[in-house]
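Encoded as structure tokens, the structure appears first; notes follow it.
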Amino acid sequence: MNNLRVGIVVFPGSNCDRDVAWALKGCLGIEYKFVWHESSDLNGLDAIVLPGGFSYGDYLRCGAIARFSKLINSLKDFVNSGRKVIGICNGFQILTESGFLDGALISNKNLNFICNDVDLKITSSKGNWFDSESASKIINLPIAHGEGRYYCDDNTFKKLVDNDLIAMKYINNPNGSSWDIAGILNIKGNVLGLMPHPERACDKRIGGTDGKFILEALLKT
913 MNNLRVGIVV FPGSNCDRDV AWALKGCLGI EYKFVWHESS DLNGLDAIVL
963 PGGFSYGDYL RCGAIARFSK LINSLKDFVN SGRKVIGICN GFQILTESGF
1013 LDGALISNKN LNFICNDVDL KITSSKGNWF DSESASKIIN LPIAHGEGRY
1063 YCDDNTFKKL VDNDLIAMKY INNPNGSSWD IAGILNIKGN VLGLMPHPER
1113 ACDKRIGGTD GKFILEALLK T
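Here this note's numbering is used: the first residue of the sequence shown is 913, the next is one more, and so on.
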């Protein structure tokens, strides 16, 4: 595993990139490299993390400006190669805005920023992010977002269900997300977007360890 390396994308306004780096290297022993958003060079990387934060200040719409970065253009070939990409919080927003994942992230139902720990049910083993033994497992992860309400129409929801693309659901929906959805996958299963923060749950001393196996799965084929 130590010979493999994960790229952590840094946008102007990213604020969870260091958290991801600490979780990968400090908790899991996974090598990483920070990748500036203006770079189009993803050579030598085995997986990509789009971390949380406020890319470009979220001034237009969460993730709407980031979708035009050079890196996102290069990410298309990266995804097509079958390598894994995870978008966490703002990273999830970027993946939907860029068309890698279906649906959209909109303002929380109560219009307030939510920072809390939530219980989640794993609902898919597609893409080897969660093994079959984890199906229906309940995990606990932190959330911190103001625009984390996942929305999709009925046709998109049917596509998600028919193709086993709903990765996890909230047990007690905190933000009004459609059908309690907290994370989804692309058709191939190698792109995962989720609002909860697994990087903040990799050490039992400061928030539990339920996020570890999600980040470890970045390097599973």
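From the three backbone atoms N, C-alpha and C, an ideal C-beta is built for every residue, glycine too.
Length of the line joining the Cα atoms of residue i and residue j
{"i": "residue 1083", "j": "residue 1033", "result": "6 Å"}
{"i": "residue 1097", "j": "residue 960", "result": "15 Å"}
{"i": "residue 913", "j": "residue 1131", "result": "Its pLDDT being 44, under 50, residue 913 is placed unreliably in this model, and the value from its coordinates should be taken loosely. Spanning the two alpha carbons is a distance of roughly 8 Å."}
{"i": "residue 917", "j": "residue 942", "result": "7 Å"}
{"i": "residue 982", "j": "residue 1121", "result": "34 Å"}
{"i": "residue 1017", "j": "residue 1002", "result": "9 Å"}
{"i": "residue 1091", "j": "residue 1069", "result": "8 Å"}
{"i": "residue 1013", "j": "residue 1101", "result": "10 Å"}
{"i": "residue 963", "j": "residue 1124", "result": "15 Å"}
{"i": "residue 944", "j": "residue 928", "result": "14 Å"}
{"i": "residue 956", "j": "residue 940", "result": "19 Å"}
{"i": "residue 1119", "j": "residue 1133", "result": "28 Å"}
{"i": "residue 1077", "j": "residue 1065", "result": "15 Å"}
{"i": "residue 1075", "j": "residue 1067", "result": "12 Å"}
{"i": "residue 987", "j": "residue 1073", "result": "26 Å"}
{"i": "residue 1099", "j": "residue 952", "result": "24 Å"}
{"i": "residue 954", "j": "residue 1019", "result": "32 Å"}
{"i": "residue 1008", "j": "residue 1050", "result": "25 Å"}
Extent of the continuous beta strand (DSSP E) to which residue i belongs
{"i": "residue 1052", "result": "1050-1057"}
{"i": "residue 1128", "result": "Counting along the chain, residue 1128 falls outside any beta strand (DSSP E), though it belongs to the alpha helix (DSSP H) covering 1124-1128."}
{"i": "residue 943", "result": "943-948"}
{"i": "residue 930", "result": "Segment 929-933 is the alpha helix (DSSP H) holding residue 930; no beta strand (DSSP E) there."}
{"i": "residue 1039", "result": "First-last for residue 1039: undefined, no H or E at that position."}
{"i": "residue 1013", "result": "First-last for residue 1013: undefined, no H or E at that position."}
{"i": "residue 1097", "result": "1093-1097"}
{"i": "residue 1081", "result": "1078-1082"}
{"i": "residue 1118", "result": "Where residue 1118 is concerned, there is no enclosing beta strand (DSSP E), given that its DSSP letter is neither H nor E."}
Alpha helix (DSSP H) segment containing residue i, residue limits
{"i": "residue 959", "result": "From DSSP, residue 959 is part of no alpha helix (DSSP H) but of the beta strand (DSSP E) over 959-962."}
{"i": "residue 984", "result": "982-992"}
{"i": "residue 1106", "result": "Premise fails: residue 1106 lies in the beta strand (DSSP E), 1103-1106, not in any alpha helix (DSSP H)."}
Own chain partners of residue i with C-beta closer than 8 Å, once the 5 adjacent residues on each side are dropped
{"i": "residue 1030", "result": "1052, 1053, 1054, 1055, 1082, 1083, 1084, 1086, 1094, 1108"}
{"i": "residue 1048", "result": "1033, 1034, 1035"}
{"i": "residue 950", "result": "981, 982, 983"}
{"i": "residue 965", "result": "923, 925, 926, 927, 928, 929, 1001, 1002"}
{"i": "residue 1071", "result": "1014, 1077"}
{"i": "residue 1043", "result": "1037"}
{"i": "residue 1021", "result": "1061, 1087, 1088"}
Residues that residue i bridges to, as DSSP identifies them
{"i": "residue 1029", "result": "1054"}
{"i": "residue 998", "result": "961, 1104"}
{"i": "residue 920", "result": "946, 961"}
{"i": "residue 926", "result": "965"}
Same chain, Cβ closer than 6 Å to residue i, five either side skipped, listed in chain order
{"i": "residue 1129", "result": "1041"}
{"i": "residue 947", "result": "919, 921"}
{"i": "residue 923", "result": "949, 967, 978"}
{"i": "residue 1039", "result": "1097, 1101, 1102"}
Contacting residues, own chain, Cβ-Cβ under 7 Å from residue i (five flanking each side not counted)
{"i": "residue 1106", "result": "1000, 1004, 1079, 1080, 1094, 1095"}
{"i": "residue 995", "result": "958, 959, 1102"}
{"i": "residue 991", "result": "997, 1012, 1102, 1103"}
Beta carbon proximity, residue i to chain D, threshold 8 Å
{"i": "residue 1080", "result": "The structure shown contains no chain D; it is built from a single protein chain."}
key: Inter-stretch contact at 8 Å, needing at least 3 Cβ pairs: the region 1058-1065 / the region 1084-1095   = Verdict: yes, contact present.
_Using 8 Å as the cut-off, can you tell me whether the region 1019-1027 makes contact with the region 1038-1057, which would need three or more C-beta pairs spanning the two stretches below that distance?_
The region 1019-1027 and the region 1038-1057 touch, with no fewer than 3 CB-CB distances between them shorter than 8 Å.
**Message:** Under 8 Å: do the region 1105-1124 and the region 920-936 share three or more Cβ pairs, one atom per stretch?
**Reply:** By the Cβ test, the region 1105-1124 is in contact with the region 920-936, since at least three Cβ pairs between them sit closer than 8 Å.
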